[in-house]
Structure formats: structure tokens, C-alpha cells
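All residue numbers for the sequence shown refer to the UniProt record's numbering, where the first residue is 1 and numbers rise by one.
From the three backbone atoms N, C-alpha and C, an ideal C-beta is built for every residue, glycine too.
Computed from a prediction, not measured in an experiment: that's the story for all the values here.
Here is the structure we will look at, set down as C-alpha cells.
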Amino acid sequence: MAEPPEEVAEFVLDARYGDDEAVDAALGAGVQVDAQSHGGSTALLMASANGHTAIVRRLLQARAAPSLANDAGNCPLHWAALNGHLEVVRALLEARANANARNDFKKRPFDEALSKSNEDICEALASATCFDEDVPEPEAQEEDSRQEQPVILGMGNPLLDISAEVPEELLGRYGLKTGDAILAEPKHEALYQELAAMDTVKYVAGGATQNSIRVAQWMLQEPGMTAYMGCIGDDAFGRKLAKACEEDGVLTRYQVDKETPTGTCAVTIVDKERSLTTRLGAANKFTVSHVKEPENFNLLKSAKIVYSAGFFITVSPESIELACKVAEMSGGLYCLNLSAAFIVEVPVFRSVLEKALPHVDYLFGNETEARAYATAVGWDTADVAFIATRLSLVPMAGKKPPRHVVITQGAEPTVVARRGAVTLHEVQTLAPELIVDTNGAGDAFVGGFLAAVSKGRALGACCQAGSYAAGTVIQHSGCTFPEKPSYCI
1 MAEPPEEVAE
11 FVLDARYGDD
21 EAVDAALGAG
31 VQVDAQSHGG
41 STALLMASAN
51 GHTAIVRRLL
61 QARAAPSLAN
71 DAGNCPLHWA
81 ALNGHLEVVR
91 ALLEARANAN
101 ARNDFKKRPF
111 DEALSKSNED
121 ICEALASATC
131 FDEDVPEPEA
141 QEEDSRQEQP
151 VILGMGNPLL
161 DISAEVPEEL
171 LGRYGLKTGD
181 AILAEPKHEA
191 LYQELAAMDT
201 VKYVAGGATQ
211 NSIRVAQWML
221 QEPGMTAYMG
231 CIGDDAFGRK
241 LAKACEEDGV
251 LTRYQVDKET
261 PTGTCAVTIV
271 DKERSLTTRL
281 GAANKFTVSH
291 VKEPENFNLL
301 KSAKIVYSAG
311 FFITVSPESI
321 ELACKVAEMS
331 GGLYCLNLSA
341 AFIVEVPVFR
351 SVLEKALPHV
361 DYLFGNETEA
371 RAYATAVGWD
381 TADVAFIATR
391 LSLVPMAGKK
401 PPRHVVITQG
411 AEPTVVARRG
421 AVTLHEVQTL
431 APELIVDTNG
441 AGDAFVGGFL
451 AAVSKGRALG
461 ACCQAGSYAA
471 GTVIQHSGCT
481 FPEKPSYCI
């Protein structure tokens, strides 16, 4: 997929954000009115999707093609109809936009308006829409179509957790610390065998991003709302991960490496606190070419929220860069997690994070990771609120709105910073005897939080949903949960 020229990407973004003067300047400078950016988006499509009627009319006057579709087959009329922009629909119809164009999901603009009960737009489109060939679609086919458009997409490192309670001396023998997350070294090879030999060992579907996506799906309780990409081996552990996600209702698009075993994570628990030692295995083989495969790229383009844990930085920076750009062009949210101290301490990993940061709408982390970042970049402070504030003020790309920086602090209030303003959000407190282990707490918080974001909930409600999810998961072994949540988003 060729990278569009910078002036084209800026032109399309200016149209998306309603910058009349910048659009006029681009046209005056000779940018082609129908130039296509990421995902085939044009200035007219983005202006139509966001209801900027004046810009739509200006582009049409400049002879923009009113029916030019993006890579998913959506034309400006599809987006205007779906998002309820009646005046834009009228302007496009006046320009003879094709009201019978069907996108990759066989939907016309009228169908999109009907799906959102936009009666005025349906009425405006009805006279231009041909209904002669309409036939009812089977329920199963409609269900499949809905499931192919998940709201939340995760991209990360799928791992099978090998979890057990261990004596503290075991941590010392392997150089491990509670609350830490590291990549395995040769000295840790015996650790996996030692855990596997324990009577109390448990095997649980894991991987930080995959955990968050499974929790989000559980919180939403609607089929087909989430999807996940990562690389697994062609082995029993990989099949176990696929089965777990299928049972949870998550659509998986795994890349399969036949030469490398599925990744595993040694979860060593001491006094309910965990230490994570990750052997990436096949997870380290994920490639951006898998994302670019048509069916997978369509998932990326249609997702409203794209999320990766920081661990994915060690595997596929190219996929992170692509996801950032596609989310920006499609109007989706891109979310990232600091995930572990080593991600921000190792310069090559931190550089990927900092390159992505201008595109990140929600940045997650915990207090340890936030302080590690401050130390790594030379900020002489351990004040979590101050660190979150500075991270929130890192400039955004283009005309994206300010980011939210969300830092959890265990049982202490969650810190959220946006545009330099900080708010504190209380978390669900539990009696110590109810806590089984803290593995997956941070992942669960993100899953609950993003589930609430997908429903358009306010910031406080998103934090509450995250707190509930985390509080539930830590009452179970690993990132597991009951059949249904008692919390309603």
C-alpha cells in the first residue's frame, strides 16, 4: 500500500476537521481535489462523514467526484447518510451522487440511514434509490455482516499464561521482582519447566492486548463487538488460545507461524502479587503484511477503537505506525499502553512509543511505568499527576483532539490528564481476602474502560467500568471472569 504524499494526507485531514481556509489553500496550491489518502479516503468523503456542509459544497464546486468510493466501497453519500448529515446528503444528491452505490457489505446509502433510524435522510434518499432488486437477506447472513465490523480491534502478542503460586525464593533464583514484566532470557528457560511440574499450575489465555479485548467483549455482552490480531504457532497452545477467544465471542485473525511454537508467559505469584516473564515465541513473528491482507485491513479500517499494549512495540513497530495512520484517516481512536518499565527504558523501544504518541488518543499505564518514563527522559519528578500532565501535552498529529492519559495506581485513585488538566477517579476497593491474584488487573481495566468508550460514555463512567472489570478479574486466577458482568455499561 503506497504512502500518500504528505500534502494529500494533510488536505484530507483538513477536510475531516472542517478547516475551510486550509482546504481552500490546498486547492489553490494545486492539490488534486479527488486525491486519495490512507484507505482510499478523499477530502469529500471525510467532509461528508463529519457534516462539514460548506466544505462539501466547495469541493463539489471544484469538481470533486461525488461518488468516488474508498477501499471499503463507501462513497461520501454512505458516510453522510450513516452519520445523519441531512444537508450534506442534499448537497451530494444535487451533485448527482449515486444513491444506489453499494459498499463491500452490500449496503446503499439508504440502508445505512435506515440502520440508524435517520428518517429524514431516508426520505431524502428514497426517490433516488432503486428498490426493484431488493430481496430479504437471511438472518445468518446479516449476523455475519455485523460480526465483520467489530467496534474494538486489538493488535498484540498472544500468549498462553503458565501460572502458579510460588515461594519468594524462586523469584530470587531467577532474578524476578513482583509487579515486574520482562522478556525471558536464557537463564529463565528452566522456569517454565519448573512451573509446568507444579501441581497447582494453571494454563490461561493471556497476552496483555488479548486480555483487554476479551474483557471488553465480556463487558459489552454483544456478539461481534471485538476482534484481535496476533501471531500463534501451529500447535496445541495456539489452538487453546483460539478456542478461548471463540468462546468469549472475540473474532480472531491470527497469523500462524508453522515453524515457531506459540508464545508463553510465566506468571509467578507471591502473596497475590505477580511477576511476568514472557517467552514471545510465535508472537514475535507477526508482520505488517498480515494487517495489509484485504480482510484484515477491512477490520482495521472499520474499527472505531484500535488498541495495543506497549509490548507490541517490541514485535511490529510497522503495524503500530500503519494502525495509527488508518485510525486517524477513518476517524477511529488509537490507544496504546506503556505496559512495562523496560518499554520506556530501552531507547529503541521508547523511540517507537514517542513516534506513535502524537497519534495516540488514549495512553494507558500504571504509576510504576509512568515514573520509569519520567526517569528515562530526564524529568526530575515522581509525581504521577505531573507526569500524566506532561504526557497529555505532547502535541497531537494534524488536527486530532487532545489525548487522554490514564494512569492507574492499584487501590489508589486513577489519574487522568487531558490538555494539562488532571482529574482523580476512585477505584473499587476489595477486602484483601477476596483478592486471588493481580495478574491481568491492568489489562482488565483497559478492557472495561474501552468498552465504555465504545458506548460513548463520559470519562468518569469509563473509569468506573475499568475499575469494575479490574476488581472482578483480581478475584479470579489469571485474566478470567464470570459468565456475565453485574455492571451495566
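Going by DSSP, Val270 is part of the beta strand (DSSP E) stretching over Gly263 to Val270. Leaving aside the five residues that flank Ala244 on each side, the residues in its chain whose CB is nearer than 7 Å to its CB run, in chain order, Ala205. If you check the CB distance, Thr129 and Phe110 come in under 7 Å. According to the DSSP assignment, Asn366 belongs to the beta strand (DSSP E) that extends over Tyr362 to Asn366. Following the DSSP letters along the chain, one finds Glu165 inside the beta strand (DSSP E) bounded by residues Leu159 to Glu165. By a beta-carbon distance limit of 8 Å, Ala283 does not contact Val306. Their separation comes to about 18 Å. Rounded to whole angstroms, the separation of the alpha carbons of Cys463 and Gly456 is 13 Å. If you draw a straight line from the Cα of Pro150 to the Cα of Cys75, it is about 20 Å long.
Inclusion of Gly440 and Val473 in the CB contact set at 7 Å is warranted, their separation being smaller than that value. Taking the CA atoms as reference points, Gly447 sits about 21 Å from Tyr203.
Look at Glu273 here: in three-state DSSP terms it is strand. If you look at Asn211, you'll find it in the alpha helix (DSSP H) that goes Ala208 to Leu220. The three-state secondary structure of Met225, taken from DSSP, is coil. Note that the C-beta distance between Phe311 and Ser339 is below 7 Å.
Residue burial is scored here from C-beta neighbours: Val291 has at least 16 other C-beta atoms within 10 angstroms and is therefore classed as buried. Distances from the alpha-carbon of Glu293 to those of Gly39, Ala184 and Ala35 put Gly39 closest. Closest in alpha carbon position to Cys479, among Phe445, Phe449 and Ala451, is Phe445. Remark: fewer than three beta-carbon pairs, one from each stretch, lie closer than 8 Å, so the segment 156-170 and the segment 117-127 are not flagged as touching. If you look at Ile55, you'll find it in the alpha helix (DSSP H) that goes Thr53 to Gln61. Annotated as proximal: Gln428 and Tyr468, with beta-carbon spacing under 7 Å. Taking C-beta separations shorter than 6 Å and ignoring five residues to either side along the sequence, Ser115 has no partners in its chain. Judged by DSSP in its simplified three-state form, Gln409 adopts strand.
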